[in-house]
Amino acid sequence: MAAVRKLLEALACLFFVLFASFLMARSVPGGPFDQEKAIPPHIKKFMEVKYGFNRSPIQHFFSYFNGLFHGDLGVSLKFTNRPVIDIIAQSLPSSLTLGVSALALALLLGFPLGILSAWRRGTWLDTASVFLCVSGVTLPTFLLGALCVLCFTHWLGWLPPARLDSAEHYIMPVMTLAFRPCAIIAQMTRASLIGELKSDYVRTARAKGVSEARIILLHALRNTLVPTISVLGPVVANILTGSFIVEHFFAIPGVAKYFIEAVTNRDVFLIMGVTLVFAVIMIATSLIVDLMYPRLDPRMKNG
Amino acid sequence: MQKWSYCALCLLVFCACTRTPKLQKNTLRFPIPSEPPTLDWSLSNDHVSQQIIYQLQEGLTTHDNKFNVRGALAHRWEISKDGKTVTFHLRDAKWSDGVSVRAADFVFSWQRLLNPKHAAEYAYFLYDIENALEYNTAKLQNPDAVGVKALDDKTLQVKLKNPVAFFPHITTHPITFPQRQDIVEAHPKDFTEAKHLRTTGPFILSQWTHDSKLVLEPNPQYYGDKPTLDRVELLVIKEDSTALSLYETGHLDVALRIPPLDFDRVSKWPDYRSVPYLRGYYYGFNITLKPFDNIWVRKAFAHATDRKEIVKVIKGQKIPSISWVPRGMPGHEPDIGLTYDPDTARSCLSKGGYPSGKNFPSVTLMYDTLEMNKMVAENLQFQWKTVLGIQNIDLQPQEWKVYLDTLTRNPPQIFRMGWGGDFPDPHNFLDLFLSNSGNNNTRWKNKRYDDLILAGSVSRNQSERMSKYREAQKLLLQQEAVIIPLFQETFEMVIKPYVENFVIDELEYPHFKTTRIRLTDKTHP
Numbered sequence: 001m002a003a004v005r006k007l008l009e010a011l012a013c014l015f016f017v018l019f020a021s022f023l024m025a026r027s028v029p030g031g032p033f034d035q036e037k038a039i040p041p042h043i044k045k046f047m048e049v050k051y052g053f054n055r056s057p058i059q060h061f062f063s064y065f066n067g068l069f070h071g072d073l074g075v076s077l078k079f080t081n082r083p084v085i086d087i088i089a090q091s092l093p094s095s096l097t098l099g100v101s102a103l104a105l106a107l108l109l110g111f112p113l114g115i116l117s118a119w120r121r122g123t124w125l126d127t128a129s130v131f132l133c134v135s136g137v138t139l140p141t142f143l144l145g146a147l148c149v150l151c152f153t154h155w156l157g158w159l160p161p162a163r164l165d166s167a168e169h170y171i172m173p174v175m176t177l178a179f180r181p182c183a184i185i186a187q188m189t190r191a192s193l194i195g196e197l198k199s200d201y202v203r204t205a206r207a208k209g210v211s212e213a214r215i216i217l218l219h220a221l222r223n224t225l226v227p228t229i230s231v232l233g234p235v236v237a238n239i240l241t242g243s244f245i246v247e248h249f250f251a252i253p254g255v256a257k258y259f260i261e262a263v264t265n266r267d268v269f270l271i272m273g274v275t276l277v278f279a280v281i282m283i284a285t286s287l288i289v290d291l292m293y294p295r296l297d298p299r300m301k302n303g
Numbered sequence: 304m305q306k307w308s309y310c311a312l313c314l315l316v317f318c319a320c321t322r323t324p325k326l327q328k329n330t331l332r333f334p335i336p337s338e339p340p341t342l343d344w345s346l347s348n349d350h351v352s353q354q355i356i357y358q359l360q361e362g363l364t365t366h367d368n369k370f371n372v373r374g375a376l377a378h379r380w381e382i383s384k385d386g387k388t389v390t391f392h393l394r395d396a397k398w399s400d401g402v403s404v405r406a407a408d409f410v411f412s413w414q415r416l417l418n419p420k421h422a423a424e425y426a427y428f429l430y431d432i433e434n435a436l437e438y439n440t441a442k443l444q445n446p447d448a449v450g451v452k453a454l455d456d457k458t459l460q461v462k463l464k465n466p467v468a469f470f471p472h473i474t475t476h477p478i479t480f481p482q483r484q485d486i487v488e489a490h491p492k493d494f495t496e497a498k499h500l501r502t503t504g505p506f507i508l509s510q511w512t513h514d515s516k517l518v519l520e521p522n523p524q525y526y527g528d529k530p531t532l533d534r535v536e537l538l539v540i541k542e543d544s545t546a547l548s549l550y551e552t553g554h555l556d557v558a559l560r561i562p563p564l565d566f567d568r569v570s571k572w573p574d575y576r577s578v579p580y581l582r583g584y585y586y587g588f589n590i591t592l593k594p595f596d597n598i599w600v601r602k603a604f605a606h607a608t609d610r611k612e613i614v615k616v617i618k619g620q621k622i623p624s625i626s627w628v629p630r631g632m633p634g635h636e637p638d639i640g641l642t643y644d645p646d647t648a649r650s651c652l653s654k655g656g657y658p659s660g661k662n663f664p665s666v667t668l669m670y671d672t673l674e675m676n677k678m679v680a681e682n683l684q685f686q687w688k689t690v691l692g693i694q695n696i697d698l699q700p701q702e703w704k705v706y707l708d709t710l711t712r713n714p715p716q717i718f719r720m721g722w723g724g725d726f727p728d729p730h731n732f733l734d735l736f737l738s739n740s741g742n743n744n745t746r747w748k749n750k751r752y753d754d755l756i757l758a759g760s761v762s763r764n765q766s767e768r769m770s771k772y773r774e775a776q777k778l779l780l781q782q783e784a785v786i787i788p789l790f791q792e793t794f795e796m797v798i799k800p801y802v803e804n805f806v807i808d809e810l811e812y813p814h815f816k817t818t819r820i821r822l823t824d825k826t827h828p
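In order, the protein sequence lines correspond to chains A and B.
With my numbering applied, the first sequence has no gaps in its numbers, which climb one by one up to 303 at the end.
With my numbering applied, the second sequence has no gaps in its numbers, which climb one by one up to 828 at the end.
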């Protein structure tokens, strides 16, 4: 029952995001047909009628929303008459591959790094790990991308600087995209594990002579998962927002770069299409995290 | 641990071994700054699309390298004595699938362009044709009433409302190229995709991976000299610094825009070139707002503007210019305009009622948020402060679309703008400032100017035309000082030494047809 309620809340949230985004996209100054070379007013009027811009934003939204139910996401206004659904279908796989790889890398490196850092707290290993985490959180993605290109392309000559023509092309964008989430996961794992290691049950286990590795891996780690998983939502958001810059910088034919381009071009239906994709991913991630809590922490089952 | 080390080593060896791009020989790899918005040449309105369409299609006429009009799909044309009827005779050319190019293909294309249902932005290009405006504004429903007829398969007749001296220039533009009715109707939503597109130009589109790459290959049916390249790869790379990195690492053969931070380094390379094109950059005054309703104030600002200093600040080799019609275009008058002269500037400001800039009201200077525009605006603010003593110039950047909206609704006192040529005739630059032009954000209306531009457009005597345009330019730039032209834009580019005969013309069209790759050069993979 709780799951159904959460699902309904998620759908309401999605509707609100779409409604607010549409109104904002329609209300900002400057329209999709404003260009350096002004088009004659009657042609502009034809275009506005053709794409529904002669209607009020609310009427326009509900007409768009009706289309959504029939699988029609509208057409791009910049990429003339190209269906938004085609644009998303062609560009989403690259973004997903990149995002999922970065998330996997962030989890694979972030968890062990956090555990190691908490386990060897106060040693050079911990200091190095904290330094890496702080760098990961503070370094802007575009700077990190530029540093990667400088190092791996221009100095070492190992990796191609951009595009996704083969497997090796993924290495730098994935590394760049994964760095910040990896730092966040490592920081959170370290902090919560340090807290757990001060608990009474850990002290008792130590007194009984249980090895430190066994305490961490079998007992404390499970409890650290709850706070760490709670940051997965923001981490996914981080990967999505980071991918705007990464896709732009590495000339990757993904969907995230349209978030900026579509807004710049006032390409309303493309803005909505991209918003829909990202909102669904974000809301679904939050929903999954919410549903996982009770499984990880039985106390949550009882409210 | 050993296993991990082994894996890492393998990965690095793999990367090191594959770092050289594997490419086919005789392929040109060329960057484009965005996915082409459309390859439907009737609906295209941007340079990226039109640069590609220009490789794939041809029209009735084309230009030589001196901007003389030459026959393309039309091998000759006649203009009637009254100048109102132009008859084009088509050569025996074929589409890429072997079907003959017919006059009816042009009729279909032009009627489609003018059909209000398609809301084509460039439809106004054909408004000089009889009933074109009426059909496009839905006052006429019958497309056959438009003055374009196929007299037979190889003869196209165009009836104009008035004589238009530059009409054969208009038919060089991609939006006038022929369309195949059978293909467009069979695949209305995707006839521009590689599998359906039929072309009349030197290349065919063999692959279009959206957002990533377009591949062009020679058109075996092309009537003219065949391209020497086997393949052109157009790679979508938005970021200029990324394109330069790809160029430096051998993944691109040309990089068309050098980021300002790299300019000092790259401009020393032997493969660096600066190529001017027909695009002017100017500042305009809203002449209905104080203090720029005063001609002396406008003249003072124009005389206080040192274009050479601006070009130095923004780097690159842009061409400083006091005149408006750019170099390379007929009607270019390098001496018409107000030169940098601080003493005259101060004297003009005094005549305008503001000696030494005293009591000069607060002024808003607006520009769109590009780094170069910011540098130009800041430099102008400094120059006008130094020369004229004007302290209170408020710089206001705006996002591009917001900026366009502001210029249309409520232009500020001073604003930045630019204009790129569509066809090489001075009319294309001077009609911007007609009283009824949608591009005239200065709010300047001058009947004498309008009459001169109209007289220039209908006259069939070239020297008379140029004299009208000369007079119009004097009125615009010297007598009324409505705008301050600053410079003409250039492509700052690098080209690999094994790429020969690569030309990008002043209308920004690259000519892949004549480009060659020197295959013996070891530097090419």
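We treat Cβ as the ideally placed atom computed from N, Cα and C, and that holds for glycine.
A quick note: this is a predicted structure, and the numbers were derived from the prediction, not measured.
- In this structure the region 513 to 529 of chain B does not touch the region 576 to 596 of chain B; the number of beta carbon pairs closer than 8 Å is below three.
- Inter-segment contact for the region 171 to 185 of chain A and the region 104 to 114 of chain A is present: three or more beta-carbon pairs are separated by less than 8 Å.
- In chain order, L296 and D297 place their CB closer than 6 Å to the CB of V226(A), counting only its own chain and leaving out the 5 sequence neighbours on each side.
- For the region 503 to 530 of chain B, the beta-carbon criterion of a distance under 8 Å to any beta-carbon of chain A is satisfied by T512, H513, D514 and S515.
- When DSSP states are grouped into helix, strand and coil, K516(B) belongs to the strand group.
- Under DSSP, the beta-bridge partners assigned to S577(B) are E795(B).
- Chain order gives the chain B residues near D34(A) as K704, L707, D708 and T711, where near means a beta carbon separation below 8 Å.
- Residue contact with chain B for P294(A): absent (no Cβ-Cβ distance below 9 Å to any residue of chain B).
- With fewer than 16 other Cβ atoms from the protein chains shown falling within 10 Å of its own Cβ, D485(B) counts as exposed.
- L240(A) and E9(A) have their alpha carbons spaced roughly 22 Å apart.
- Remark: C-beta atoms of E433(B) and V449(B) approach each other more closely than 9 Å.
- The continuous beta strand (DSSP E) containing M720(B) extends over residues I717 to G723.
- Its Cα nearest to that of F142(A), the residue E542(B) stands out among T711(B), E338(B), E542(B) and T512(B).
- One finds E338, T512, H513, D514, S515, K516 and V539 in chain B with Cβ atoms closer than 9 Å to the Cβ of P253(A), taken in chain order.
- Within 10 angstroms of the beta-carbon of S659(B) lie fewer than 16 other beta-carbons, which makes it exposed.
- Leaving aside the five residues that flank L755(B) on each side, the residues in its chain whose CB is nearer than 8 Å to its CB run, in chain order, K771, Y772, E774, A775 and L778.
- The beta carbon of C133(A) is closer than 6 Å to those of A183, A186 and Q187 in its chain, skipping five residues each way along the sequence.
- In this structure, E636(B) keeps its C-beta atom at 9 Å or more from the C-beta atom of T672(B).
- Within its own chain, the residues whose Cβ lies closer than 7 Å to the Cβ of L436(B), once the five positions on either side in sequence are excluded, are Y430, listed in chain order.
- DSSP assignment within the region 538 to 601 of chain B yields the following whole alpha helix (DSSP H) runs of 4 residues or more, N-terminal first: 543 to 551 and 563 to 569.
- DSSP links G209(A) through a beta bridge to no other residue.
- Counting along the chain, T364(B) sits inside the beta strand (DSSP E) bounded by residues T364 to H366.
- Within chain A, the residues placing a beta-carbon under 7 Å from that of N742(B) are K37 and A38, ordered along the chain.
- Straight-line measurement puts the Cα of H169(A) at about 16 Å from the Cα of V100(A).
- Here V806(B) is not near T793(B), since their CB atoms are 9 Å or more apart.
- Linking A279(A) to K198(A) through their CA atoms gives a straight-line distance of about 39 Å.
- Following the DSSP letters along the chain, one finds L683(B) inside the alpha helix (DSSP H) bounded by residues E674 to L691.
- Three or more beta-carbon pairs drawn from the region 9 to 27 of chain A and the region 52 to 65 of chain A are found closer than 8 Å, and the two stretches are therefore classed as touching.
- Taking one beta carbon from each stretch, the region 77 to 92 of chain A and the region 155 to 165 of chain A have fewer than 3 pairs nearer than 8 Å; the two do not touch.
- For the pair D447(B) and L417(B), the Cα-to-Cα distance works out to about 11 Å.
- Per the C-alpha coordinates, the member of Q782(B), V539(B), T479(B) and S399(B) positioned closest to W413(B) is T479(B).
- Contact with chain B is found for Q90(A), since one of that chain's Cβ atoms lies less than 9 Å from the residue's Cβ.
- Taking N695(B) as the centre and dropping the five residues before and after it, the same chain places the C-beta of F663, P664, S665 and V666 closer than 8 Å to its C-beta, in chain order.
- Remark: C-beta atoms of I590(B) and I335(B) do not approach each other more closely than 9 Å.
- At a cut-off of 9 Å, the C-beta of P419(B) has a neighbouring C-beta in chain A.
- Excluding sequence positions up to five before and after L291(A), its CB lies within less than 8 Å of the CB of A3 and K6, all in the same chain and listed in chain order.
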